[in-house]
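J.: Okay, so the sequence shown: first residue is 1 according to full-length UniProt numbering, each after it adds one. Glycine included, every Cβ here is placed at the ideal spot set by N, Cα and C. Take this structure first; my questions come after.
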Amino acid sequence: MSPESKKLFNIIILGIAFMFIFTAFQTCGNVAQTVIRSLNSTDFHGSGYTSMAIIYGVFSASNLITPSVVAIVGPQLSMFASGLFYSMYIAVFIQPFPWSFYTASVFIGIAAAVLWTAQGNCLTINSDEHTIGRNSGIFWALLQFSLFFGNLYIYFAWQGKTQISESDRRTVFIALTVISLVGTVLFFLIRKPDSENVLGEDESSDDQDLDINESPQNNMTKAVDAFKKSLKLCVTKEMLLLSVTTAYTGLELTFFSGVYGTCIGAINKFGTEEKSLIGLSGIFIGIGEILGGSLFGLLSKNNRFGRNPVVLLGILVHFIAFYLIFLNLPGDAPIAPVEGTDSSAYIKPSKEIAIFCSFLLGLGDSCFNTQLLSILGFLYSEDSAPAFAVFKFVQSICAAVAFFYSNYLLLHWQLLVMVIFGFLGTVSFFTVEWEAAAIVARGSDYRSI
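Right under this line is the structure:
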């Protein structure tokens with residue numbers, strides 16, 4: 001197998017492994033609040049929103065140390081260990097208790113930080129400046145198939161149900177746990193790339209190889225260096241500007257992955273289909289994500305116009321979605337009781353508009369995330385693990401804040417927050433991309449940021 005084919009193989013395996021793990025986890029997140037509402041009539045008392053706030057809060061704090069973990073252990077073992085913790089969290093729902101539910105939320109927060117830092121590292125060392133855009137698109141499209149498969153099952157299994165029974169819950173979460181474990185094992189198929197063609201590395205830069213054979217003292221030095229690089233990157237002009245864009249992706253991630261499905265499931269006027277519509281919503285979010293990732297991955301080969309048009313498309317698509325959601329769903333939908341809500345917004349609640357908005361949310365999200373992955377891999381090719389750690393730190397802390405306020409804020413206030421951050425994030429991304437384009441046009445090396 002040629003070096004280029006080996007790298008592409010690694011990217012595909014990486015995407016498929018993430019697809020399995022997040023088929024389980026994102027389906028779990030999408031239905032968690034609905035399942036827990038059904039459980040709260042028993043001895044169990046908890047909140048899916050609170051669990052997600054814990055996950056993303058711990059996730060954000062853990063990102064400060066994960067470059068050190070990846071530097072010592074290597075990306076492959078880091079992703080495998082993290083996958084085991086994802087499986088543990090999903091398994092908690094088979095027979096949930098409040099203590100195990102919230103404890104697992106803490107552990108998966110740490111695991112998520114390690115997983116995504118290692119993913120960014122693995123993506124970068126299997127790419128060069130010509131393939132980073134393509135590889136980001138391939139990875140993102142494969143990852144987002146996760147929204148399709150799990151939610152397709154939810155749609156058919158829960159059709160016509162207004163409450164989730166114990167047997168329904170156990171069947172779903174046993175299957176999701178097994179799926180997550182399959183994805184975890186797939187990480188062992190990733191092969192070590194040939195170091196001479198790795199993006200941003202030279203012969204002396206062995207610190208991101210998939211196999212780590214150095215002495216403990218050398219590993220500790222690398223861990224400290226990775227931590228220092230993370231702190232330095234936090235205060236660079238480019239990272240501060242991209243952090244505004246990243247903050248927006250954290251807010252809208254919370255909305256489409258946890259809040260929007262809950263809103264749809266709370267609308268009594270949707271009738272007996274309200275619970276199965278949660279699954280259908282997830283499917284159409286996935287279709288939007290897959291379409292975006294595939295399209296922008298292919299277009300990256302002939303990307304004469306840079307990344308800005310894709311981000312502009314993303315924010316326009318999201319603004320349309322937010323406006324339609326504002327008209328279609330009542331303000332109390334995110335915080336409705338287990339009985340649901342009979343309120344109306346400005347138009348009669350429409351299933352078709354709700355599902356169309358799911359597609360728009362997924363398409364817009366793929367616009368932002370594929371371009372952020374691409375620009376980070378390009379700008380910080382020599383510091384990929386610290387750069388992706390900072391990216392996930394900002395994204396996850398904003399997601400945690402959003403999950404926290406989702407317990408209290410009405411829908412229209414949540415939409416307003418995203419509109420403001422979406423506008424500011426788009427402007428800040430444009431600024432960084434213009435600077436990158438100008439430096440590339442002059443033939444300078446942008447990797448020294």
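Ignore the nearest five residues each way along the sequence and tell me which others in G57's own chain have a CB closer than 6 Å to its CB.
T.: Translated into the one-based positions of the sequence shown, residue 57 becomes position 57. Cβ neighbours of G57 beyond the five flanking positions: A400.
J.: So which of F59, A32, F18 and C398 has the shortest CA-CA distance to L189?
T.: On the sequence shown, position 189 is the one that residue 189 refers to. When each option's Cα is compared against that of L189, the closest is F18.
J.: Let's see if you can read the secondary structure: which residues bound the alpha helix (DSSP H) around M1?
T.: Indexing the sequence shown from 1 puts residue 1 at position 1. Counting along the chain, M1 falls outside any alpha helix (DSSP H), and DSSP gives it neither H nor E.
J.: What does a CB cutoff of less than 8 Å around G46 pick up in its chain, not counting 5 residues either side in sequence?
T.: Counting from 1 along the sequence shown, the entry for residue 46 is found at position 46. Once the five neighbours on either side are set aside, the close Cβ partners of G46 are I36, L39, N40, P96, P98, F101 and Y102.
J.: How many angstroms separate the CA atom of Q26 from the CA atom of S146?
T.: Residue mapping note: residue 26 aligns to position 26 of the sequence shown, counting from 1. Residue mapping note: residue 146 aligns to position 146 of the sequence shown, counting from 1. Spanning the two alpha carbons is a distance of roughly 7 Å.
J.: Quick check: is the beta carbon of F256 nearer than 9 Å to any beta carbon in chain C?
T.: Structure shown: chain C not included; a single protein chain is present.
J.: Between E252 and Q144, is the Cβ-Cβ spacing less than 9 Å?
T.: Locating residue 252 in the sequence shown gives position 252, counting from the first residue. Locating residue 144 in the sequence shown gives position 144, counting from the first residue. Cβ distance not < 9 Å, so E252 and Q144 don't count as in contact.
J.: According to DSSP, which residues form a beta bridge with I267?
T.: Within the sequence shown, numbered from 1, the residue matching residue 267 stands at position 267. Bridge partners of I267: T341.
J.: Quick check on the burial criterion: 16 or more other C-beta atoms within 10 angstroms. Buried or exposed for Q208?
T.: Taking the sequence shown and counting its residues from 1, the one referred to as residue 208 is at position 208. Here Q208 scores only 42 on pLDDT, less than 50, and its place in the model should not be relied on; the value that follows carries that caveat. Buried, because 16 or more other Cβ atoms sit within 10 Å of the Cβ of Q208.
J.: Thinking C-beta only, is G362 closer than 9 Å to I264?
T.: Position 264 of the sequence shown, counted from the start, is the residue given in the question as residue 264. Position 362 of the sequence shown, counted from the start, is the residue given in the question as residue 362. Cβ atoms of I264 and G362: not closer than 9 Å.
J.: Grab the span of the alpha helix (DSSP H) containing P96 for me, first residue to last.
T.: On the sequence shown, residue 96 is found 96 positions in, with the first residue counted as 1. Where P96 is concerned, there is no enclosing alpha helix (DSSP H), given that its DSSP letter is neither H nor E.
J.: If you follow the alpha helix (DSSP H) that S146 is part of, which residue opens it and which one closes it?
T.: Along the sequence shown, read from residue 1 onward, the residue named residue 146 stands at position 146. Residues S146 to A157.
J.: Does any heavy atom of the ligand ZN sit closer than 8 Å to the C-beta of S60?
T.: The model depicted lacks the ligand ZN and carries no ligand whatsoever.
J.: Mark I90 as exposed unless 16 or more other C-beta atoms lie within 10 angstroms of its C-beta, in which case mark it buried.
T.: Along the sequence shown, read from residue 1 onward, the residue named residue 90 stands at position 90. Buried is the call here.
J.: Give the DSSP-derived three-state secondary structure of L409 in the structure shown.
T.: Numbered from its first residue, the sequence shown carries residue 409 at position 409. DSSP places L409 in coil when its eight states are reduced to three.
J.: Return the chain-ordered list of same chain residues with a C-beta closer than 6 Å to the C-beta of V92, the five sequence neighbours on each side being excluded.
T.: Start at 1 with the first residue of the sequence shown, and residue 92 comes out as number 92. These residues qualify, in order along the chain: S100, F101 and A104.
J.: Buried or exposed for K392, please, with buried defined as at least 16 other CB atoms from any protein chain shown within 10 angstroms of its CB.
T.: In the sequence shown, the residue the question calls residue 392 occupies position 392. Counting Cβ neighbours within 10 Å, K392 comes out buried, since at least 16 surround it.
J.: Quick check on Y244: does DSSP put it in helix, strand or coil?
T.: Locating residue 244 in the sequence shown gives position 244, where the first residue counts as 1. The amino acid occupying residue 244 in the given sequence is Val; Tyr does not appear at that position. Three-state result, V244: helix.
J.: Within 10 angstroms of its Cβ, does R307 collect 16 or more other Cβ (buried), or is it exposed?
T.: Sequence index remark: in the sequence shown, residue 307 carries index 307 (1-based). By the neighbour-count rule (16 or more Cβ atoms within 10 Å), R307 is buried.
J.: If contact is defined by three or more beta carbon pairs under 8 Å, each pair taking one atom from either stretch, is the region 313-323 in contact with the region 174-189?
T.: Output reads no: the region 313-323 does not touch the region 174-189.
J.: Please state whether the Cβ-Cβ distance between S82 and A118 is less than 9 Å.
T.: Numbered from its first residue, the sequence shown carries residue 82 at position 82. Numbered from its first residue, the sequence shown carries residue 118 at position 118. Yes, these two residues count as a Cβ contact at 9 Å.
J.: Could you give the uninterrupted runs of the alpha helix (DSSP H) lying entirely in the region 44-128, keeping only those of 4 residues or more?
T.: Runs found: 48-62, 66-73, 75-92 and 98-125.
J.: Buried or exposed: which applies to M52, given that a residue is buried once 16 or more other Cβ atoms fall within 10 Å of its Cβ?
T.: Your numbering for residue 52 matches position 52 in the sequence shown. Answer is buried; the Cβ neighbour count reaches 16.
J.: Rank Y153, G314 and T249 by C-alpha distance to the C-alpha of F296 and give the top, closest one.
T.: Position 296 of the sequence shown, counting from 1, holds the residue named residue 296. Per the Cα distances, G314.
J.: Taking the Cβ atom as the reference point for each residue, do C367 and G292 lie within a distance shorter than 9 Å?
T.: Start at 1 with the first residue of the sequence shown, and residue 367 comes out as number 367. Start at 1 with the first residue of the sequence shown, and residue 292 comes out as number 292. The answer is yes: Cβ separation under 9 Å.
J.: Using the rule of at least 16 other Cβ atoms within 10 Å of the residue's Cβ for burial, across every protein chain shown, is residue 453 buried or exposed?
T.: Because residue 453 is not part of the residues shown, which for the chain are 1 to 449, the question remains open.
J.: With distances taken between CB atoms, is the gap from L241 to F429 smaller than 9 Å?
T.: On the sequence shown, position 241 is the one that residue 241 refers to. On the sequence shown, position 429 is the one that residue 429 refers to. Contact: yes.
J.: What did DSSP end up calling Y323 once you bin it into helix, strand or coil?
T.: The residue given as residue 323 occupies position 323 in the sequence shown. Looking at Y323 - three-state DSSP - the assignment turns out to be helix.
J.: Beta-carbon separation of S136 and L373 under 9 Å?
T.: Looking up residue 136 in the sequence shown gives position 136. Looking up residue 373 in the sequence shown gives position 373. For S136 and L373, yes; Cβs fall inside 9 Å.
J.: Going by C-alpha distance, which of V427, F378, I397 and D168 is nearest residue 461?
T.: Outside the displayed span of the chain (1 to 449) sits residue 461, for which this structure offers no information.
J.: Report the CB separation of P334 from S281 in whole angstroms; it is logged as a contact under 8 Å.
T.: Counted from its first residue, the sequence shown places residue 334 at position 334. Counted from its first residue, the sequence shown places residue 281 at position 281. The Cβ separation is near 14 Å, so there is no contact.
J.: Suppose you measure from the CA of F20 to the CA of I174; what does that come to, to the nearest Å?
T.: Numbered from 1 along the sequence shown, position 20 holds the residue referred to as residue 20. Numbered from 1 along the sequence shown, position 174 holds the residue referred to as residue 174. Looking at the two C-alpha atoms, the distance is approximately 14 Å.
J.: Going by DSSP in three states, residue 475 sits in which element: helix, strand or coil?
T.: Residue 475 lies beyond the residue range present for the chain, which begins at 1 and ends at 449; the question has no answer from this structure.
J.: So the alpha helix (DSSP H) M354 belongs to, where does it begin and stop?
T.: Numbered from its first residue, the sequence shown carries residue 354 at position 354. Residue identity check: residue 354 is Ala in the sequence provided, not Met. A354 -> alpha helix (DSSP H) spans K351 to L379.
J.: Using only alpha-carbon positions, find the residue among G15, D365, G425 and T262 that is nearest to G183.
T.: For the purposes of this step, residue 183 is taken as residue 183 along the sequence shown, with counting starting at 1. Comparing Cα positions, the closest option is G15.
J.: Check Y346 in the structure and name its three-state DSSP category.
T.: Start at 1 with the first residue of the sequence shown, and residue 346 comes out as number 346. Note: Y346 maps to coil in three-state DSSP.
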